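Comments concern the structure below.
As structure tokens, then:
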């Protein structure tokens, strides 16, 4: 069994932190695959649900530390939205441990690697995500074709 | 869509862990991929040529580069694509170096992940749109925050190039820490003699607008067009009337902190030479009675009713030069800093030996005014200390200024016994090692390798207990004056300034440069530049070099009339928009306007965070370059 972990990383802090983990050669599990977003507040709850629906076993959203957001206030919105999403996951009967929100700065390469290793281990303990799959969230082909 | 995929080996950096040939081959399975190639160094001229030629030859409409982080070479490859006639925003990078080859050991796993990252990039590029940067006007004026040697040098260089500069300094005079120094290492130049002419140049330069006793309060806008609010604190002295005669100082009855009057000029060479009233110690502000300074002032410059004034000004670029402080020594009880008057910090020692300092340059003990028979310098107080109370880094200047202090003490009183406790003596720099050797060989300063465990007051003297590592024994002796080389940390205001500038700070609170090697004076935020100690410990020559470099970058920006703006901005689909305005509420830049049941994004203000796109309940708002469909396509590719 190999779990699949999707990490949404904001461009300014966490993505740079992941790069620093790389330049520092800090090893973490290859299960983790990163999607770059400008700010953690760009992460729509729908993206996370879509990831779970399509076979992600864990999703982690990473942004700048509170107060350090490149866009001043973006991560406050992230925090608020994630709180309600945790509630929704519970309502859906999903383990909330499959989702995590973490603040990782551009200088925290070690924190990035450690967090990814620890989160992957946590998701591995839960096993494959089988409670919520399928096409619950739709990005219709028409929408895709328009490129919106 | 006709997509070309290019896989970089990065020498062995990628190739050693990722099977580049395999992913190059496998990516051809996608029917949209019309060409795929691997190359040892895609960023090199040959690699870029390969890409531009392929764009022309295969008439590519999209390019995916599997290489290092987009933070490294996205601009390089986008420029190459544009040269070949492809819209640069139809190029995506799969980060298979920093986020794959360098962090995974198993080649098979890393190859699979790299393939998956490349597929996600292909999925994203399929849904990309050509994007066109807009243009924004450049305000040809610079702001420098901090009036120490870094800020002074930067302001002078920018002004010399012909651009107006506002220099903001929180204290009543510019000059910063360098103005407090007696001499500078390793040449023993008189600090004031080399600094004060520059301070006068700043004050008299027609292009420099000096705001002392002022603080930056608010920063809005973006590169080329910042709007900054500066608070000019009430000085209680009318700068236009004051002649700097000093009669008010003589009249003031208060003896406040450091023997300072309530109305004070920080030091004799202060620029501007205009006093300020410290309202916390002024008798008039405390008790409503006194006003002796007002009576003494002939030009009638004293103004007790003065209030803080706020000015708002536009700037094209901002330099942060907020400087440093020595750490507080509360947590270092073993050195007895608070318990004994004769335990002082290096900066306090600097003031004691300075001719314009409180003792007039007489090297005496603070407790009884006697000349010490022995002085003990303790290095690395809080530096190279990974515990919670200390700083993990080397403060860089302490070894050299301590050698300078030791030499200065010996110059004044050759009979004084001078000892230095150190962990390592670090002297990388021009003439540094020679200077240190001179302290040891010519002046007879004793260097003791070992950390001090305790400093105890004893009959008006001080007892030092330490380890002498070279003698492999305990050191226990009496001394008269202890000087602590307290670690350096960013100044109190650095964090606040960094937040206002959206400039990232590192784990130690120093403002981070955009790239430690290749972009050392730029912040990650466009239009914000750094110099001096706010960016990390450094000595005066390095600070001046960095300040000039930052000024050079600012000049390079201000000579432009227009800047191209990031086209990855939000966009409203009017057909789906109800005009609820939730998007406008979350926008930190006021870029979204609600107009008669719809919204419109001002692309010049939008910075592309995407917060509005998620706040929008009807999906009418989208972010170009990171559209909903694109991110979902990436998710699908990575999860599939």
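Protein chains in written order, with my numbering: chain A, 304 to 451; chain B, 32 to 671.
We put the CB at the ideal spot given by N, CA and C, even for glycine.
Treat the numbers as computed from the prediction; the structure is a model and nothing was measured.
- Residue 665/B and residue 141/B have their C-alpha atoms roughly 18 Å apart.
- Straight-line measurement puts the Cα of residue 426/B at about 11 Å from the Cα of residue 416/B.
- Within the segment 415–431 of chain A, those residues whose Cβ lies closer than 9 Å to any Cβ of chain B are, in chain order, 416 and 419.
- Taking 8 Å as the upper bound for CB-CB distance, residue 376/B and residue 493/B are not in contact here, some 15 Å apart.
- Counting along the chain, residue 253/B sits inside the beta strand (DSSP E) bounded by residues 245–253.
- Of 311/A, 433/A, 309/A and 322/A, the smallest CA-CA separation from residue 545/B is found for 322/A.
- For residue 665/B, the neighbours in chain A by C-beta distance under 8 Å run, in chain order, 338.
- In the three-state reduction of the DSSP assignment, residue 426/B falls in the coil class, being assigned neither a helical nor a strand state.
- In summary, residue 155/B is buried, with 16 or more beta-carbon neighbours lying within 10 Å of its beta-carbon over all protein chains present.
- For residue 342/A against residue 640/B, the beta-carbon gap comes to about 4 Å, under 8 Å, which counts as contact.
- In this structure residue 371/B is buried. Its beta-carbon is surrounded by 16 or more other beta-carbon atoms within 10 angstroms.
- With a threshold of 16 other beta carbon atoms within 10 Å, residue 290/B falls short and is exposed.
- Contact of residue 543/B with chain A is assigned, a C-beta pair being separated by under 8 Å.
- Taking a C-beta distance under 8 Å as the contact criterion, residue 538/B and residue 347/B do not qualify as a contact pair.
- The Cβ-Cβ distance between residue 632/B and residue 603/B falls below 8 Å.
- Counting along the chain, residue 194/B sits inside no beta strand (DSSP E), nor does DSSP assign it H or E at all.
- At least one CB atom of chain A sits nearer than 8 Å to the CB of residue 137/B.
- Taking CB atoms only, residue 387/A has no neighbour in chain B less than 8 Å away.
- Taken through DSSP and simplified to helix, strand or coil, residue 408/A comes out as coil.
- At least 8 Å separates the CB of residue 435/A from every CB of chain B.
- Apart from sequence neighbours up to five positions away, the residues of its chain that approach residue 81/B with a beta-carbon distance below 8 Å are 37, 68, 70 and 73, ordered along the chain.
- Rounded to the nearest whole angstrom, the C-alpha separation of residue 136/B and residue 533/B is 36 Å.
- Taking residue 260/B as the centre and dropping the five residues before and after it, the same chain places the C-beta of 248, 249, 341 and 343 closer than 7 Å to its C-beta, in chain order.
- Following the DSSP letters along the chain, one finds residue 380/A inside the alpha helix (DSSP H) bounded by residues 377–395.
- In the three-state DSSP reduction, residue 263/B falls in the strand class (E or B).
- Of the candidates 131/B, 396/B and 379/B, 396/B places its Cα closest to the Cα of residue 373/B.
- Taking 8 Å as the cut-off, the beta carbon of residue 363/A is found closer than this to the beta carbon of residue 405/A.
- Here residue 661/B is buried, its C-beta having at least 16 other C-beta atoms within 10 Å.
- When DSSP reads this structure, residue 652/B sits in a beta bridge with 603/B.
- Under the Cβ criterion (8 Å, minimum of three pairs), the segment 377–385 of chain A counts as touching the segment 344–357 of chain A.
- Chain A places no beta carbon closer than 8 Å to that of residue 41/B, leaving this residue out of the contacts.
- Put simply, the CB of residue 394/A is far from chain B, with every gap to its CB atoms at 8 Å or more.
- For the segment 34–62 of chain B, the full-length alpha helix (DSSP H) segments reaching 4 residues or more read 51–57 along the chain.
- Out of 357/B, 509/B, 621/B and 230/B, the CA that lies nearest to the CA of residue 186/B is found in 230/B.
- Chain B places no beta carbon closer than 8 Å to that of residue 364/A, leaving this residue out of the contacts.
- With respect to the 8 Å criterion, residue 405/B and residue 499/B are not classified as neighbours on the basis of their beta carbons.
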